């Protein structure tokens, strides 16, 4: 099937959202991916094509895969519209959650055309043929992504037409649901990790703030100074395998700084409005909504909550749910680019469990 490109509305821009779709409408699995900093849709497209392809047997049929990103992150939009076509202040997590919901809506409208015609309206008689709906989130995509999942579960059809059946998280693992008390005795992060988190996240947030309130040039100078300082102090979260990837991408510097807006909104939420982070956790019922967590082992620090990691590992060991944890050796933050065979195999195995 020829890839489909859909532009969907985001706050302040009727066509600012980008969704690229791969796969056939006959697929039994619908998959929606959203990445984070500093990725548009481009880095995940090779994996989307892999997941969309059939391996030739019933358990490995291709998926209907939609790939989206944070507003203003994709290269094509930036170079065609320039970031000034997007809101200078960026987008809050609540707004990005709404964008993911809209992307899911557009993905199912396109999928449902196989039985419902061009309108894409899913009728009651089609319910028995509903596909499994899996979401995949990476990096910053995990926070608004899980907000979308949890709000879909809690609010139902009032918020989203479909509730995700399964969740795949790539290299970032949020805390467990607040109602889960297991493993509270464990430290979520080491002191070193907390220092690194504060250093690089604060640097990114400051760089965006300088761009927002003063000028692009001041934002760029702030970014260069602070990240050189992080390198000197050895406070970089990622290692050479990821840093080399970033160099190869040769990104527009101003675009890179604009994409720091999630860091800015993180600190704003922590300092003044923690409710902005509501629903940012794993689902409460991991049997009903299981989670596969894949992470790259080759990093200076890990991006997972250790309490939640232990919870998922116990779920896997006890066979309580379909939850799994897989550390991918020889891969860093962009593990799906560095070890695509491993990541594809693990995702397909996880999806296969949903066929039972």
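In the numbering used here, the protein residues as written are 2 to 357. No residue lacks a Cβ here, since even glycine has one placed at the ideal position from N, Cα and C. Treat the numbers as computed from the prediction; the structure is a model and nothing was measured.
Helix, strand or coil at residue i [DSSP, three-state]
| i | result |
| --- | --- |
| residue 125 | Low per-residue confidence applies at residue 125: pLDDT is 45, beneath 50, and the placement is therefore not dependable, though the value from the model is reported in the following sentence. The answer is helix: DSSP assigns residue 125 an H, G or I state. |
| residue 15 | strand |
| residue 164 | coil |
| residue 45 | helix |
| residue 353 | helix |
| residue 193 | helix |
| residue 345 | helix |
| residue 153 | helix |
| residue 288 | coil |
| residue 70 | coil |
| residue 199 | helix |
| residue 184 | coil |
| residue 56 | coil |
| residue 316 | helix |
Paired residues, beta bridge with residue i - DSSP
| i | result |
| --- | --- |
| residue 328 | 296 |
| residue 138 | 35 and 170 |
| residue 339 | BP columns for residue 339 are empty, so no partner. |
| residue 8 | 19 |
| residue 133 | 30 |
| residue 65 | 31 |
| residue 305 | 174 |
Residue nearest to residue i in terms of C-alpha spacing, selected from the options
| i | options | result |
| --- | --- | --- |
| residue 235 | 194, 216 and 316 | 194 |
| residue 217 | 228, 105 and 256 | 256 |
| residue 183 | 352, 313 and 253 | 313 |
| residue 395 | 79, 203, 98 and 136 | The structure shown does not extend to residue 395, since the chain is modelled only from 2 through 357, so no value can be given for it. |
| residue 22 | 16, 37 and 64 | 64 |
| residue 296 | 306, 289, 290 and 288 | 306 |
| residue 250 | 25, 148, 112 and 338 | 338 |
| residue 74 | 275, 177, 196 and 11 | 11 |
| residue 9 | 50, 31, 72 and 38 | 72 |
| residue 267 | 163, 207 and 322 | 207 |
| residue 280 | 88, 179, 192 and 322 | 179 |
For residue j and residue i, believed in contact at Cβ under 8 Å, the rounded distance
| i | j | result |
| --- | --- | --- |
| residue 33 | residue 67 | 5 Å |
| residue 282 | residue 175 | 5 Å |
| residue 284 | residue 154 | 6 Å |
| residue 70 | residue 99 | Actually they are not in contact, since the Cβ atoms of residue 70 and residue 99 sit about 14 Å apart, beyond 8 Å. |
| residue 226 | residue 261 | That pair is no contact at about 14 Å. |
| residue 111 | residue 7 | 7 Å |
Proximity test, residue i beta-carbon vs the ligand NAP heavy atom, cut-off 6 Å
| i | result |
| --- | --- |
| residue 286 | With respect to small molecules bound, the structure shown includes none, and the ligand NAP cannot be examined in it. |
| message | Could you tell me which whole alpha helix (DSSP H) segments of length 4 or greater appear in the segment 218–283? | response | 241–250, 254–259 and 262–273
| request: Just list the alpha helix (DSSP H) runs in the segment 72–116, keeping only unbroken ones of 4 residues or longer that don't cross its boundaries, in chain order. | output: 76–82 and 94–112
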